[in-house]
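**Q** Just passing along the structure, written as structure tokens.
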RNA sequence: GGAGAGAUGGCUGAGCGGCUGAAAGCGGCGGUCUCGAAAACCGUUUGUCCGGCAACCCCGGGCACGGGGGUUCAAAUCCCCCUCUCUCCGCCA
């Protein structure tokens, strides 16, 4: 959520931000409801103050009056007056409620303001490539796609997954299942060793939790929802960022570096027809996620180092990739600045997103009420900045490994760093 | 799932219709003392919103004692609903 004061006082800034994001906002409606809301509050509070004074007066009279009968008469008069005030208060409270509802609805629908350095652009074509690592392999045979390699090795079973659940679900068997676990453990261990505290968390969250990270209310249709009103998490970011919801963190504890492995659940509403084959876009996938809490002074540096930590995984796996910076038109709802890591996939003859690292500045912290207390401050506390990044998406990593490490005979070489996690298996062959 | 107990400030814990945004203790912060520290003593210490102001200082006011509703001139205190925690029983990986 944006700062209401910013929206009110720096309207042009918000205008520009929304335009750059290709998103529209009901500027006049929002400003009107905002000032109406404040006018109602002022009126209401004046009446409440009057009521408090009158009630206190009654208390004083009843305690201190020497002439009880005379006091009783004045008390009755005051009671009548307060009853009258209460009628007005009740009406204003209704007005306030509806104004605040309308206001919150509009505010919660506004995306974050892009950072100053974010390239302005319309869509993904305007994203900026920052750097590349590794060289895509030159195959001396016809490279297969992972959706062919997996089934032919007997480690991915797409058909039976459909029988068990529906399309866009995955069933892994034998070394496929083993490889999935190996990748997860390798990623989680690597991040832990680099200072990220590992968590194991619920994969079902309540509405407050999903609102905190920005999935609700706007993206409810993208979530799986239980019959009793809970949601399957679309990413571990949701849990890791809400760990400190409604908390005040001591500034000396910042920055906090967290990571977690969870399955992720996405409805993928509206993406029918895109990436329909293979492991790329599915309803349930594994991911190791990184989340940081930082002060505003350091959050952009923390973003840079988080990208390096995600890149580290790809480098250790020997997978060629590039880093791109998203333009304003391609930024996610909560993000002020985002780098995507794209891994080389022979089947796409191109790079495909495998990680997305974002600085959400105070956007989520304001929704989730996450603050920090600085000893230097006179009083009060400030909103933290939250960051999140995939480190990495496991299914897409498996796809990249199968494709980039495939051999002419159809077998797949296990990347060296994963061999210990595979129980010493160095080559995946048809069983 | 059944039965009972409870939810108060950073923590422990009083209050059970008005003088209580909240006693006391602990913790934190500032000070006195000391070469310094400890101890002791003194002071200070909730959040949020609205208005004033250049101001996150300050001043005035509203709201908040798990959440929501009700009774009343007035609710932390009385009533109802919900949530959560604890104890016992049942079930169970």
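Residue numbers (this note's numbering): 1 to 431.
Just so it is clear, CB atoms sit at the ideal spot from N, CA and C, and this is done for glycine as well.
Between residue 179 and residue 239, what straight-line distance do the alpha-carbon atoms span, to the nearest angstrom?
**A** As a working note, residue 179 is residue 179 in the first chain. As a working note, residue 239 is residue 239 in the first chain. Their Cα atoms are separated by approximately 25 Å.
**Q** Sort out for me which residues DSSP pairs residue 263 with in a bridge.
**A** Translated into the one-based positions of the first chain, residue 263 becomes position 263. According to DSSP, which records beta bridges pairwise, residue 263 is partnered with 286.
**Q** Using 8 Å as the threshold, is the segment 108 to 116 in touch with the segment 354 to 372, meaning 3 or more CB pairs across them?
**A** Contact between the segment 108 to 116 and the segment 354 to 372 is present, because at least three Cβ pairs lie under 8 Å.
**Q** Where does the unbroken beta strand (DSSP E) through residue 197 begin, and where does it stop?
**A** In the first chain, the residue the question calls residue 197 occupies position 197. Per DSSP, residue 197 belongs to the beta strand (DSSP E) from 197 to 199.
**Q** Is the distance from the Cβ of residue 343 to the Cβ of residue 319 below 8 Å?
**A** Stepping through the first chain from its first residue, residue 343 is reached at position 343. Stepping through the first chain from its first residue, residue 319 is reached at position 319. Yes, the pair counts as a contact, with Cβ atoms nearer than the cut-off.
**Q** May I ask you to report which of helix, strand or coil DSSP gives residue 147?
**A** As a position in the first chain, residue 147 is number 147, starting the count at 1. The answer is helix: DSSP assigns residue 147 an H, G or I state.
**Q** Taking only runs of the alpha helix (DSSP H) that begin and end inside the segment 38 to 121, which ones reach a length of at least 4 residues, in chain order?
**A** Fully enclosed alpha helix (DSSP H) runs of 4 or longer: 68 to 108.
**Q** Beta-carbon separation of residue 78 and residue 57 under 8 Å?
**A** Numbered from 1 along the first chain, position 78 holds the residue referred to as residue 78. Numbered from 1 along the first chain, position 57 holds the residue referred to as residue 57. Contact: yes.
**Q** Tell me whether the beta-carbon of residue 324 lies closer than 8 Å to the beta-carbon of residue 130.
**A** On the first chain, position 324 is the one that residue 324 refers to. On the first chain, position 130 is the one that residue 130 refers to. Cβ distance < 8 Å, so residue 324 and residue 130 count as in contact.
**Q** Spell out a yes or no on whether the segment 222 to 234 and the segment 242 to 257 are touching, meaning 3 or more CB-CB pairs, one atom from each, closer than 8 Å.
**A** The segment 222 to 234, when compared against the segment 242 to 257, does not touch it at the 8 Å Cβ threshold.
**Q** Under a three-way DSSP split, which group does residue 181 fall into?
**A** If you number the first chain from 1, residue 181 lands on position 181. Three-state DSSP puts residue 181 in a helix.
**Q** For residue 354, report the span of its beta strand (DSSP E) as first-last.
**A** The residue labelled residue 354 in the question sits at position 354 within the first chain. From DSSP, the beta strand (DSSP E) with residue 354 extends over 350 to 359.
**Q** Do residue 404 and residue 137 have their C-beta atoms within less than 8 Å of each other?
**A** Counting from one through the first chain, the residue named residue 404 turns up at place 404. Counting from one through the first chain, the residue named residue 137 turns up at place 137. Yes, Cβ-Cβ distance for residue 404 and residue 137 is below 8 Å.
**Q** CB-CB under 6 Å to residue 218, same chain, minus the five flanking residues each way: which ones, in chain order?
**A** Stepping through the first chain from its first residue, residue 218 is reached at position 218. 109.
**Q** CB of residue 128 to nearest heavy atom of the ligand NAP: below 7 Å?
**A** Judged by which ligands are present, the structure shown has none, so any question about the ligand NAP falls away.
**Q** Where does the unbroken alpha helix (DSSP H) through residue 155 begin, and where does it stop?
**A** As a first step, residue 155 is located in the first chain; it is residue number 155 there, counting from the start. Counting along the chain, residue 155 falls outside any alpha helix (DSSP H), and DSSP gives it neither H nor E.
**Q** Are the beta-carbon atoms belonging to residue 398 and residue 279 less than 8 Å from one another?
**A** Within the first chain, residue 398 is the residue found at index 398, counting from 1. Within the first chain, residue 279 is the residue found at index 279, counting from 1. Cβ atoms of residue 398 and residue 279: closer than 8 Å.
**Q** I need the boundaries of the beta strand (DSSP E) containing residue 392, first residue and last residue.
**A** As a first step, residue 392 must be located in the first chain, where it is residue number 392. Residue 392 -> beta strand (DSSP E) spans 385 to 393.
**Q** Count the CB pairs spanning the segment 285 to 301 and the segment 381 to 390 that are closer than 8 Å, and state whether there are at least three.
**A** Touching, yes.
**Q** Between 286, 252, 418 and 251, which lies nearest to residue 317 when the distance is taken from Cα to Cα?
**A** As a working mapping, residue 317 is identified with position 317 in the first chain. For the residues 286, 252, 418 and 251, the minimum Cα distance to residue 317 belongs to 418.
**Q** How would you label residue 99, buried or exposed, when you count the other beta carbons within 10 angstroms and need 16 or more for buried?
**A** Here residue 99 is taken as the residue at index 99 of the first chain, counted from 1. Residue 99 should be labelled buried.
**Q** CA-CA distance, residue 102 and residue 225?
**A** For the purposes of this step, residue 102 is taken as residue 102 along the first chain, with counting starting at 1. For the purposes of this step, residue 225 is taken as residue 225 along the first chain, with counting starting at 1. Taking the straight line joining both Cα atoms gives about 25 Å.
**Q** Have a look at 200, 105 and 365 and flag the residue whose alpha-carbon is nearest the alpha-carbon of residue 33.
**A** In the first chain, the residue the question calls residue 33 occupies position 33. When only C-alpha atoms are compared, the closest one is 105.
**Q** With H, G and I counted as helix, E and B as strand and the rest as coil, what does DSSP make of residue 212?
**A** As a position in the first chain, residue 212 is number 212, starting the count at 1. Helix, per DSSP.
**Q** Among 215, 211 and 204, whose alpha-carbon lies nearest the alpha-carbon of residue 228?
**A** Stepping through the first chain from its first residue, residue 228 is reached at position 228. Out of 215, 211 and 204, 204 has the C-alpha closest to the C-alpha of residue 228.
**Q** Here's the rule: buried if 16 or more other CB atoms are within 10 angstroms of the residue's CB, otherwise exposed. What is residue 1?
**A** Taking the first residue of the first chain as position 1, residue 1 is located at position 1. Buried is the call here.
**Q** Answer with buried or exposed for residue 314, where buried requires no fewer than 16 other C-beta atoms within 10 angstroms of its C-beta.
**A** For the purposes of this step, residue 314 is taken as residue 314 along the first chain, with counting starting at 1. Buried, by the Cβ-count rule.
**Q** Which same chain residues, not among the five before or five after residue 61, have their C-beta less than 7 Å away from its C-beta?
**A** For the purposes of this step, residue 61 is identified with residue 61 of the first chain, where counting begins at 1. Same-chain partners within the cutoff: 71, 74 and 75.
**Q** By Cβ distance, which residues of its chain are closer than 6 Å to residue 11, with the 5 residues on each side in sequence left out?
**A** Your numbering for residue 11 matches position 11 in the first chain. Correct list: empty, nothing qualifies.
**Q** Just reading off the beta strand (DSSP E) that residue 243 is part of, what are its end residues?
**A** One-based indexing of the first chain puts residue 243 at position 243. That residue, residue 243, is in no beta strand (DSSP E); it is neither H nor E in DSSP.
**Q** In the DSSP assignment, what residue or residues form a beta bridge with residue 132?
**A** By one-based count along the first chain, residue 132 stands at place 132. Per DSSP, 322.
**Q** Tell me which same chain residues have a C-beta within less than 7 Å of the C-beta of residue 414, skipping the five on either side of it?
**A** Indexing the first chain from 1 puts residue 414 at position 414. Hits under 7 Å: 422, 425, 426, 427 and 428.
**Q** What does DSSP give as the partner residues of residue 476 in its beta bridges?
**A** Given a span of 1 to 431 for the chain in the structure shown, any question on residue 476 remains unanswerable.
**Q** Can the beta-carbon of residue 285 be found closer than 8 Å to that of residue 395?
**A** Position 285 of the first chain, counting from 1, holds the residue named residue 285. Position 395 of the first chain, counting from 1, holds the residue named residue 395. Closer than 8 Å, so yes.
**Q** Is residue 29 helix, strand or coil when you go by DSSP?
**A** Taking the first residue of the first chain as position 1, residue 29 is located at position 29. Helix, per DSSP.
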